[in-house]
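In this note's numbering, the protein residues as written are 198 to 457. Even for Gly, the Cβ is constructed at its ideal location relative to N, Cα and C.
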């Protein structure tokens, strides 16, 4: 845990580094943005694509919905290239420049749950959140790992699964490097496997139902979560279920426009 603590202290104490890195492309403006499952600290994190997204979007509130930093992988082996540091710098810069940035830790950055209600470089840390949209709806914001039976009942198995997932991503990178040389488009091996395995499909459906059911109990109109790396927005028995996906494979975010 010492390395985790040192990382958060470094995040908090990082001095401002102001650079004109926005380029000439116009920025899209939103009321609220949600991103999760960046997995900074792993080779699978698409940090450059994420940085480009952050450079060309503006919002009043930015929710970081967990698994921003992959503490599990960093404990196994340290991986922190400049692009990952640039993402952290960009998030800090947004907070300094007036964007409200709220970080809700997930299972991979669970070490940050020791710092709930603290502030790191202008970034607030919270266990969960209720967000009111411009049109008055209440959205419950949570990472979602509390609704994952494997993590709650057999955490060791979750770590094994995480290692297998990392292996699949490594294989996927080599495969797509070969496809690129052949002039073929990007293709996700892990997403393909998820779609083909009935148990994985059932897991996603069960997760979505459980999260929506809890949102209903809390009196919310909807829920925004991450965790399962499956971007989705749909109605579940009158509850708006939103999953903002990930920045490992799908490279997705959830956005609220000015009118809600």
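A residue is called buried when at least 16 other Cβ atoms come within 10 angstroms of its Cβ; residue 279 does not meet this threshold and is exposed. In this structure, the beta-carbon distance from residue 226 to residue 331 does not fall below 7 Å. Distances from the CA of residue 451 to each of 310, 275, 336 were compared; the closest alpha carbon is that of 336.
Residue environment: residue 329 is assigned as exposed (fewer than 16 neighbouring CB atoms within 10 Å of its CB, all protein chains considered). When beta bridges are read from the DSSP output, residue 422 appears opposite 440.
Between residue 448 and residue 246, the CB-CB gap stays under 7 Å.
It is roughly 44 Å from the alpha-carbon of residue 378 to the alpha-carbon of residue 325. Nearest Cα to residue 235 within the set 295, 300, 266: 266. For residue 285, there is no enclosing beta strand (DSSP E); the enclosing alpha helix (DSSP H) has its first and last residue at 279-293. Residue 425 is not a Cβ neighbour of residue 409, given a cutoff of 7 Å. Here residue 321 has 299 as same chain residues with Cβ atoms under 6 Å from its own Cβ, once five neighbours each way along the sequence are excluded. Using a Cβ distance threshold of 7 Å, residue 262 and residue 423 count as a contacting pair. Judged by their CB atoms, residue 290 and residue 319 are not nearer to each other than the 7 Å cut-off.
Counting the other Cβ atoms within 10 Å of the Cβ of residue 457 gives fewer than 16, which makes it exposed.
Remark: C-beta atoms of residue 441 and residue 301 do not approach each other more closely than 7 Å. Closest by C-alpha distance to residue 370, out of 270, 239, 416, 271, is 239. One Cα belongs to residue 455, the other to residue 255, and the distance between them is close to 12 Å. In this structure, the straight-line span from the alpha carbon of residue 275 to that of residue 287 is close to 21 Å. The C-beta separation of residue 268 from residue 307 comes to about 7 Å, placing the pair in contact by the 8 Å criterion.
Under the 10 Å beta carbon count, residue 241 is surrounded by 16 or more other beta carbons and is classified as buried. Here the C-alpha atom of residue 243 lies approximately 18 Å from the C-alpha atom of residue 260. Contact check for residue 438 and residue 405: beta-carbon distance about 6 Å, within the 8 Å limit, so the pair qualifies. The beta carbon of residue 443 sits closer than 6 Å to the beta carbons of 234, 426 from its chain, once the five residues preceding and following it are set aside; these are given in chain order. For the set 383, 417, 419, the Cα lying nearest the Cα of residue 446 is the one of 383.
Per the DSSP secondary-structure output, residue 304 pairs with nothing in a beta bridge. Of all alpha-carbon atoms in 436, 224, 312, 407, the one lying nearest the alpha-carbon of residue 417 is that of 436.
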